[in-house]
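In this text, residue positions in the sequence shown follow my numbering: the first is 1, and each later residue adds one. Structure first, then comments.
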Amino acid sequence: MNILIADDTPSIRFFLQKVISDTGHTVHAVCDGHEALSYMKNHEIDMIFMDIQMPDLNGIETAKIIREQQSEWLPIIFISATENDKEFAEALSAGGDGILTKPLKPILVHAQIRAMQRIVDIQRKLHMMNSQLQSLSKTDVLTGVANRSGFYDVSERELKRCRREQKALSILMIDVDFFKQYNDNYGHLEGDHCLVTIAQALKNNLKRPLDYICRFGGEEFVVLLPMTDLDGARLIAQQLRQAVLNLEIPHKASSVSPFVSISIGAASNQDHINTFTINDLLTKADAALYTAKERGRNQIVA
Ligand code: GH3
Ligand code: MG
Ligand code: MG
Ligand code: MG
């Protein structure tokens with residue numbers, strides 16, 4: 001942990017620095033509440049030992065400010081020169097997590113650090129679980145690519161960015177041809193397996209880091225192409241269509257190809273950068289996809 005000491009008495013700062021360093025934690029010391037607050041603006045700290053009686057801004061006032069400013073919980077252990085119950089109660093109400101009285105004893109300082117470390121560890125674990133859950137909720141369980149919710153997050157962000165830079169953004173709507181027949185012929189499990197293979201092929205053939213693929217639902221995928229006009233989108237769509245054909249997944253019930261194929265509708269906001277929404281683009285790409293199906297499938301309409 002990074003531990004901060006705030007105490008106006010030099011001998012206490014010196015003593016605490018030594019005692020805390022012995023535990024292997026990193027330690028920094030300041031002389032009063034103002035210094036503590038300004039140090040915390042520029043440094044990440046995990047715990048603070050703070051004198052209650054300090055001139056100017058005392059420990060209790062400083063703790064109140066910390067609790068107002070910090071969204072994260074930060075362990076605050078007060079140090080007091082007096083055994084004053086009323087003051088102790090006030091210090092804990094202000095947001096303190098523990099109190100040590102002077103003269104400080106190393107054994108209690110160490111025990112206090114271990115106690116706070118336990119809670120800090122739990123807090124970190126919860127953080128990690130929270131971000132894992134967050135990322136799981138944006139991922140399609142079957143194929144491992146993003147799901148629709150992930151797509152909306154990223155596409156809104158990228159749309160704003162493209163607008164700022166006055167660059168076009170394009171969308172591909174992809175649908176597997178005659179997939180109902182594929183399921184009917186090879187079974188639903190084989191159908192699932194086919195979707196996983198297609199998703200991976202699509203993902204592997206998107207070379208730029210900003211390009212983003214999601215499973216939009218069923219056997220439909222949507223690809224987001226930031227900083228890309230319609231010509232660029234058409235080019236990428238051709239590569240993706242070819243990549244899926246190259247998988248050579250047999251599809252004997254398809255009337256357009258011996259192998260599983262896809263149809264793609266492409267749309268760009270290149271002529272409406274400041275007005276088109278993501279839904280406008282999806283609607284346009286969906287209409288293009290419908291035309292691609294009508295014209296015989298296994299092709300791109302832009
Ligand atoms: P088209 O060429 O016009 O797109 O024909 P299609 O048969 O692919 O179109 P349709 O929308 O009628 O059928 C889509 C099929 O995709 C129906 C459904 O059973 C299948 N499907 C959707 N989601 C899944 C899935 O998660 N797993 C499997 N195995 N099949 C799925
Ligand atoms: Mg003092
Ligand atoms: Mg479909
Ligand atoms: Mg289909």
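Backbone N, C-alpha and C fix where the C-beta goes; we use that ideal spot for every residue, glycine too.
With hydrogens ignored, establish whether the beta-carbon of residue i is closer than 7 Å to any heavy atom of ligand 3.
{"i": "D177", "result": "no"}
{"i": "G218", "result": "yes"}
Between residue i and residue j, what straight-line distance do the alpha-carbon atoms span, to the nearest angstrom?
{"i": "P55", "j": "L108", "result": "26 Å"}
{"i": "R13", "j": "T101", "result": "14 Å"}
{"i": "G191", "j": "N279", "result": "29 Å"}
{"i": "F304", "j": "E44", "result": "The shown model of the chain, from 1 to 302, leaves out residue 304, and the question about it has no answer."}
{"i": "R114", "j": "Q270", "result": "59 Å"}
{"i": "I198", "j": "V244", "result": "6 Å"}
{"i": "I61", "j": "F15", "result": "At residue 61 the sequence reads Glu, which differs from the Ile that was named. Using only the alpha carbons, I get a separation of about 24 Å."}
{"i": "T139", "j": "P10", "result": "54 Å"}
{"i": "L159", "j": "H272", "result": "12 Å"}
{"i": "H251", "j": "Y182", "result": "6 Å"}
{"i": "D22", "j": "H28", "result": "13 Å"}
{"i": "R118", "j": "T283", "result": "52 Å"}
{"i": "G95", "j": "A288", "result": "60 Å"}
{"i": "A63", "j": "K86", "result": "16 Å"}
{"i": "P258", "j": "R208", "result": "31 Å"}
{"i": "L247", "j": "H193", "result": "13 Å"}
{"i": "I300", "j": "A285", "result": "11 Å"}
{"i": "I76", "j": "F49", "result": "6 Å"}
{"i": "D184", "j": "E220", "result": "18 Å"}
{"i": "D175", "j": "V145", "result": "15 Å"}
{"i": "M116", "j": "S131", "result": "23 Å"}
{"i": "K293", "j": "L136", "result": "33 Å"}
{"i": "K105", "j": "E83", "result": "15 Å"}
{"i": "R161", "j": "R295", "result": "35 Å"}
If you measure from the CB of residue i, is any heavy atom of ligand 1 nearer than 7 Å?
{"i": "K293", "result": "yes"}
{"i": "H251", "result": "no"}
{"i": "R297", "result": "yes"}
{"i": "Q181", "result": "yes"}
{"i": "G144", "result": "no"}
{"i": "H127", "result": "no"}
{"i": "D229", "result": "no"}
{"i": "G98", "result": "no"}
{"i": "H110", "result": "no"}
{"i": "L74", "result": "no"}
{"i": "L172", "result": "no"}
With a CB to CB cut of under 8 Å and the five nearest residues on each side skipped, what residues in its chain are close to residue i?
{"i": "E165", "result": "M227"}
{"i": "F151", "result": "Y212, C214, F216, V222, L224"}
{"i": "Y186", "result": "C194"}
Could you pull out every residue in the same chain whose Cβ sits closer than 6 Å to the Cβ of residue i, ignoring the five residues on either side in sequence?
{"i": "F88", "result": "I99"}
{"i": "D46", "result": "M1, N2, V120"}
{"i": "L240", "result": "L202, N205"}
{"i": "V30", "result": "A6, A36, Y39"}
{"i": "H25", "result": "M1, I3"}
{"i": "V154", "result": "Y212"}
Please work out which residues of its chain come closer than 7 Å, Cβ to Cβ, to residue i, disregarding the five sequence neighbours upstream and downstream, and give them in chain order.
{"i": "H34", "result": "D56, L57"}
{"i": "V177", "result": "Looking at the sequence shown, residue 177 is not Val but Asp. The residues are S254, V256, S261, I262, S263, R297, N298."}
{"i": "I81", "result": "Position check: residue 81 holds Ala in this sequence, whereas Ile was assumed. If we look at A81 and ignore the five residues flanking it on each side, its Cβ neighbours are Q53, K102."}
{"i": "A233", "result": "S170, L172, L225, A266, S268, A302"}
{"i": "L195", "result": "L142, T143, E219"}
{"i": "N274", "result": "R163"}
{"i": "L281", "result": "I171, A267, N269"}
{"i": "R67", "result": "G95"}
With respect to 7 Å, is the separation between the Cβ of residue i and the closest non-hydrogen atom of ligand 6 below this value?
{"i": "D192", "result": "As presented, the structure is devoid of ligand 6, carrying ligand 1, ligand 2, ligand 3 and ligand 4 as its sole ligands."}
Starting from the N-terminal side, write out each stretch of the beta strand (DSSP E) that is 3 residues or longer and does not extend beyond the segment 64 to 134. 76 to 80, 98 to 101
**Study point:** Complete runs of the beta strand (DSSP E) confined to the segment 22 to 61 [at least 3 residues]
**Key:** 26 to 30, 47 to 51
Q: Let me know the alpha helix (DSSP H) ranges lying completely inside the segment 248 to 294, each 4 residues or longer, listed in chain order.
A: Counting only runs of 4 or more, we get 278 to 294.
| request: Quick one: residues with CB closer than 7 Å to any heavy atom of ligand 2, in chain order, please. | output: In chain order, the residues positioned with their C-beta nearer than 7 Å to some heavy atom of ligand 2 are D7, D8, T9, D51, Q53, M54, A81.
Contained beta strand (DSSP E) runs [length at least 3] in the segment 183 to 235, N- to C-terminal order:
212 to 217, 220 to 225
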